[in-house]
Amino acid sequence: MLKHWIVLLVAAGSQVLFDELYREANKTSEWQVSLRRELHRHPEVGLATHWTSERIAKELKGFGIAYTAGWAKDGDEGGAGIVAHIGSGREPVVLVRADMDGLPISEATGLPFASEVPGRMHACGHDVHTSVLLGAARLLKRREAGLKGTVRLMFQPGEELGLGATLMVQEGVLGKEPGSASAKTASAKVASAKVASAFSMHVMPMVPTGGFVATAGLQLAGGNHFTIVLSGVGGHAGAPAVARDPVVAAAALISGAQALSSRETFGWGPERHGLISFTQISTFGGATNAIPDGVSLKGTVRSGDPAVMMLMKARLQEMAASLDAGYHISSTVEWMGDIPRLYNDPDLSLRHSDLVRYANQGVSLPKFHFLYAMEDFAFVSDLVPSVTVALGIGSGAQLPSHITTNTSLHNPKFAADERVMPKASALFASLAISELEYRNTETRGKTQEL
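Numbering (mature numbering (1 follows the signal peptide of the UniProt record, and there is no 0)), first residue to last: -18 to -1, 1 to 432.
Below, the structure is given as structure tokens:
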């Protein structure tokens, strides 16, 4: 009963707070749009998001927010992650995370602020996420004196690799002891206070602009990236009998592997279905009149059920191995990522459901189903109560001369409706403050009960 009244008390105050923060955020919307477009023009990929990291640091310095750099280091690579703190430096600690990396995709939007880096693009909205979190940081800094605890900001590279979040967790972003010598610069400066709750975000083209979705339970699939190499014997295209053609073997594998989804997991329910996608195919050699020595196949395997993931991986491994005898080639399979399922904590979701609903301000939301996308924030949500909020960006075509913004993520024509950013910044600042208030009120209530 006590927890119920605490939730009601915090919810009532958070709606008033959201209105105040939204008004403030709208006053700086031009700054936020300009920042996002600058980030969009300069996409970086993987762990090497150093220009983006420096740009984030510049804004944090301007706000007077303390931060440490050098996070998400993998051997000699990376080190572009940033962790910042607003508040007392003491517990409770609420973490808010944004990813910052782009994709190796050539942009085809035709926007005046399109990518200036050939073959690279922010096709998953991480430039929006970064701008939203910086907007929230600006709002929170203005209220720092009144914060009852600490807000930890996590700016993360390498999400598309499925690597950045787990590196930062190992380095101590959740307040644990450093798990890696690579974190010696960053983790030595992080507060020892443990993270109590965490929030993240992701733009969703299928949700109308300004709508927010934060349902409880399973949100996104877990999965792995794979690389399969089929090695044959090259030769003349006119004499295939004296070669061992890996292209024919690759075609058989791609076709046959679809049965893993349609015949071995389909019908168990959407969250237990397995999905395999071959996304890259390349041959070792460039002559059109020559059978190549080898073929490389890359892609992903996904499911909402860990047992199904194990089945899919084992069966794909078996199918690749069966090509050795069937086509007189040799095969190797390498797995990368091992990303967990993304899960929204039921208590945390319920606690702030009224605030999220209020922030929608009447936007009509589609029914939100489990999705087969993967998100490495799952490495955080596996360890602390977390909620990932879907940010609606899909209504851009309603604006004069604006291209559509309901194009799929990872598409060369993906675009975002920037109108969501001030509202999203206000929401995440409100969530952080409200969660700190809840944690403090809960602690006082337990003390009084004793």
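Here a beta-carbon is modelled for each residue, glycine too, at the ideal position from N, C-alpha and C.
With 16 other Cβ atoms within 10 Å as the buried cut-off, status of residue i
i           : result
Ser295      : This sequence places Lys at residue 295; Ser is not what is there. Flag for Lys295 reads buried.
Trp53       : buried
His218      : exposed
Leu409      : buried
Val57       : Strictly speaking, residue 57 in this sequence is Gly, with Val absent from that position. Burial call: exposed.
His351      : exposed
Asn388      : buried
Ala341      : buried
Leu381      : exposed
Val224      : exposed
Thr261      : exposed
Met292      : exposed
Lys349      : exposed
Arg284      : buried
residue 450 : Since the displayed the chain opens at -18 and closes at 432, residue 450 lies outside it and no answer follows.
Ser16       : exposed
Leu(-11)    : Annotation note: pLDDT 48 at Leu(-11) (below 50); position unreliable, coordinate value reported separately. That one is exposed.
Leu85       : buried
Gln152      : buried
Glu12       : exposed
Three-state secondary structure (DSSP) of residue i
i           : result
Phe(-1)     : helix
Lys55       : strand
His24       : coil
Asp329      : helix
Ser243      : helix
Thr423      : helix
Val402      : helix
residue 472 : Summary: the structure shown does not reach residue 472, with the chain confined to residues -18 through 432, and so no result is reported for it.
Gly(-6)     : helix
Trp13       : helix
Tyr309      : helix
Ile210      : strand
Leu391      : coil
Met188      : coil
Asp320      : strand
Thr370      : strand
Gly199      : strand
Ser412      : helix
Leu353      : strand
residue 496 : The shown model of the chain, from -18 to 432, leaves out residue 496, and the question about it has no answer.
Val155      : coil
Phe181      : strand
Ile273      : strand
Thr148      : helix
Thr91       : coil
Phe361      : helix
His32       : helix
Bridge partners - residue i, DSSP secondary structure assignment
i      : result
Arg284 : Gly205 and Leu257
Met136 : Val65 and Arg79
Arg226 : Val215
Gln262 : Lys280
Ala48  : His67
Gly84  : Val27
Gly60  : Lys55
Phe194 : Leu373
Met103 : Leu85
Beta-carbon proximity of residue i to residue j, cut-off 7 Å
i           : j       : result
Lys123      : Ile38   : no
Gly216      : Ile273  : yes
Phe194      : Val27   : no
Leu212      : Val277  : yes
Val76       : Glu417  : yes
Arg421      : Pro74   : yes
Ser182      : Phe359  : yes
Met186      : Gly(-6) : no
residue 437 : Leu129  : No information on residue 437 is available, as it lies outside the stretch -18 to 432 that the chain covers here.
Asp399      : Ser383  : no
Val413      : Ser179  : The sequence given here has Leu at residue 413, not Val. Contact: no.
Glu142      : Asp227  : no
Ala397      : Ile385  : yes
Asp287      : Arg254  : yes
Ala90       : Pro367  : no
Ser312      : Ala302  : no
- Per the contact definition of three or more C-beta pairs closer than 8 Å, is the stretch 309 to 329 in contact with the stretch 107 to 114? For the pair of segments examined, the stretch 107 to 114 was found not to touch the stretch 309 to 329: the number of CB pairs separated by less than 8 Å stays below three.
- Query: Is the stretch 54 to 74 touching the stretch 135 to 155 in the sense that three or more CB pairs, one from each, lie closer than 8 Å?
  - Reply: Under the 8 Å Cβ criterion, the stretch 135 to 155 counts as touching the stretch 54 to 74, having at least three qualifying pairs.
- Three or more C-beta pairs closer than 8 Å, one from the stretch 43 to 50 and one from the stretch 141 to 150: is that the case here? Verdict: no, contact absent.
- Item | Contact between the stretch 195 to 209 and the stretch 92 to 103 (3+ Cβ pairs under 8 Å) | Touching, no, given that fewer than three Cβ pairs across the two stretches are closer than 8 Å.
- Message: Contact between the stretch 240 to 248 and the stretch 183 to 197 is defined here as three or more beta-carbon pairs at a separation below 8 Å; is this criterion met?
- Response: Segment contact: the stretch 240 to 248 against the stretch 183 to 197, fewer than three CB-CB distances shorter than 8 Å; contact not assigned.
- Message: For the structure I just gave you, are there three or more beta carbon pairs, one from the stretch 15 to 27 and one from the stretch 87 to 101, closer than 8 Å?
- Response: The stretch 15 to 27 makes contact with the stretch 87 to 101; the number of CB pairs closer than 8 Å reaches 3 or more.
- Message: Quick test of the definition: if touching needs 3 or more C-beta pairs under 8 Å, does the stretch 7 to 19 touch the stretch 387 to 406?
- Response: Pairwise C-beta distances place the stretch 7 to 19 in contact with the stretch 387 to 406, as three or more of them are shorter than 8 Å.
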